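Colleague:
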Amino acid sequence: MIAYIKGNLIRNNLEYIVVEVNGVGYKVYIPDSLQQDLPTIGEELEIHTHHYVREDNISLYGFSSVSDLELFEQLLNVSKIGPKVALNILATMPTRDFKLAIINNEINTLKEIKGIGNKTAKRLILELQEKIELDNILDDTSSKIVDTRTNDAIEALVSLGYKQSDVYKIVVEICKEDKDISVEEIIKRSLAHLS
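In this note's numbering, the protein residues as written are 268 to 462.
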């Protein structure tokens, strides 16, 4: 498997790039959103890759970050989602926004992505909702609401049988109201909201 490529960019097309490593050119399909971050032709490039192998297709898909690569791989595990639709998702919205749309059941947001209809949006939510990690979903600009206490409370509530999407919204609201709240108190207040 080819998981990472470091070499010189020798070709840049709309759908793919070619990276030369020790005299060998690798054709790597990339999301449109990566185009703006590419160096100029001839400069060095580092890219995380997914080696896609099927009986009629062997391709490389490249991403600038490990989180984009991991999301791409999660998307490929969703039934009826192939590499083209997965690339469209990553090209249309940042990884963080997509994960928030999944956790918050935002079907209309997902339907804005080319190739995603109502059924596919529901399937994405159903199959990915419990797999999306809450760590680092919210970036520093949103005051880092999700921290260890929040994650611990969410994990405890999920282990009690509640849906992660339902618990997430409630826990984040409780933490916004009281930033010094303990994990135990978060769980108590969440249980009051959930019952």
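Note that beta-carbon positions come from the ideal geometry of N, C-alpha and C, so glycine has one too. Predicted, not measured: the structure shown is a model, and the values here were computed from it.
(1) Taking its Cβ as the centre, do 16 or more other Cβ atoms sit within 10 Å of Gly341, making it buried, or is it exposed?
(2) Please name the residue, chosen from Asn280, Phe339, Tyr328, that lies closest to Ile308 on a Cα-to-Cα basis.
(3) Once you ignore the five residues that flank Glu379 on each side, which residues in its own chain have a CB closer than 6 Å to its CB?
(4) Who are the near neighbours of Asp377 in its chain, counting only those whose CB is closer than 7 Å to its CB and skipping five residues on each side?
(5) Would you report the Cα separation of Thr362 and Thr417, rounded to the nearest angstrom?
(6) With distances taken from CA atoms, which of Thr415, Tyr296, Ile437, Ile370 is nearest His317?
(7) Using only the alpha-carbon positions, how far apart do Ile453 and Ile399 sit?
(8) Tell me where the beta strand (DSSP E) around Glu311 begins and ends.
(9) Got a sec: does the ligand FAD put a non-hydrogen atom nearer than 8 Å to the Cβ of Glu444?
Modeller: To lay it out plainly:
(1) Reading the sequence as shown, one finds Gln at residue 341 and not Gly. Buried, since its Cβ has 16 or more Cβ neighbours within 10 Å.
(2) Nearest C-alpha to Ile308: Asn280.
(3) Closer than 6 Å at the Cβ level, and outside the excluded window around Glu379, lies no residue.
(4) For the sequence presented, residue 377 should be read as Leu rather than Asp. In the same chain as Leu377, and ignoring 5 residues on each side of it, the C-beta atoms closer than 7 Å to its own belong to Ala368, Ile383, Ala388, Leu391, in chain order.
(5) The alpha-carbon atoms of Thr362 and Thr417 are separated by roughly 21 Å.
(6) Selected option, being the one with the closest Cα: Tyr296.
(7) The alpha-carbon of Ile453 is positioned some 21 Å away from that of Ile399.
(8) 311 to 321 is the span of the beta strand (DSSP E), which, as asked, contains Glu311.
(9) Among the ligands in the structure shown, none appear at all, so the ligand FAD cannot be discussed.
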